[in-house]
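Taking it in order: structure first as structure tokens, then the write-up.
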Amino acid sequence: MKKWMQFLILITSITSASALLASGGMGEDSGKQMPVVANAKWKAECGSCHMLYHPGLLPERSWNKMMAGLDKHFGENASLDTATRDEITRFLALNSADKQDNRRSNRINQSIPASATPLRISETRYFKAKHDEVSSATFKRKSIGSAANCVACHKGAEKGDFSESQIKIPR
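The opening residue of the sequence shown carries number 0 in numbering that gives the first Met the number 0; numbering runs sequentially from there.
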């Protein structure tokens, strides 16, 4: 094999390894990362009002209940036409915590009793355990607003990246 081909293969390997490390694919959170998921209507409709909550943060039954009650979505009317609502509901269900094969979604799902259908991620035992050191006053800071504003501290939240090494709590 020519030297330049060997060099190219080496550079590609180093670049791939660096990207994996930078994305949190190895290290303390290995196996916890949720896969990157996307749906154009979910992004446009849900992302127009708030951050995009990764579907792997709640079980299918929670997403189904949430999407069925969009006319009273946390005090707002977020109704959608039937086709759009159904497409987003299918996307959320397909990528929900109980359908994912990653450690974080599995733990979230296990923290929710089978009889419970939480609509807020912050209501899960998993969330409460992971944020037990964060005071309610911290969540109320102007720079954060509430426990629902994941991206305030987790810059990769919309991509399902909640790596502890990437947390930065704003003042």
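Ideal Cβ placement from N, Cα and C applies to all residues, glycine included.
Selection Arg60, Ser47, Ala43 and Lys42 evaluated against Pro112 yields Arg60 as nearest (Cα-Cα).
Of the other Cβ atoms in all chains shown, fewer than 16 fall within 10 Å of the Cβ of Gln109; this residue is therefore exposed.
About 16 angstroms separates the Cβ atoms of Gln99 and Gly155, ruling out a contact at the 8 angstroms cut-off. In this structure, the CA atom of Arg102 is about 11 angstroms from the CA atom of Pro34. Taking 4 residues as the minimum length, the alpha helix (DSSP H) runs contained wholly in the region 67-102 are 81-93, in order along the chain. In the structure shown, the three-state DSSP call for Ile166 is strand. Taking C-beta atoms as the reference points, Thr83 and Lys40 count as a pair closer than 8 angstroms.
Within the DSSP secondary-structure output, His153 pairs in a beta bridge with Ile166.
In the DSSP annotation of this structure, the continuous segment of the alpha helix (DSSP H) that includes Arg124 starts and ends at Arg124 to Lys129. Looking only at Glu86, Ile87, Asp131 and Phe126, the smallest Cα-Cα distance to Asn105 is reached by Phe126. In the structure shown, Ile107 adopts helical secondary structure according to DSSP, grouped into three states.
In its chain, beyond the 5 residues on either side, Leu79, Thr83 and Ile87 have a beta carbon closer than 7 angstroms to the beta carbon of Glu44.
Apart from the 5 residues on each side of it in sequence, Asp97 sits with its Cβ closer than 6 angstroms to the Cβ of Pro58, Glu59 and Asn108 in its chain, given in chain order.
Counting along the chain, Ala136 sits inside the alpha helix (DSSP H) bounded by residues Ser135 to Phe138.
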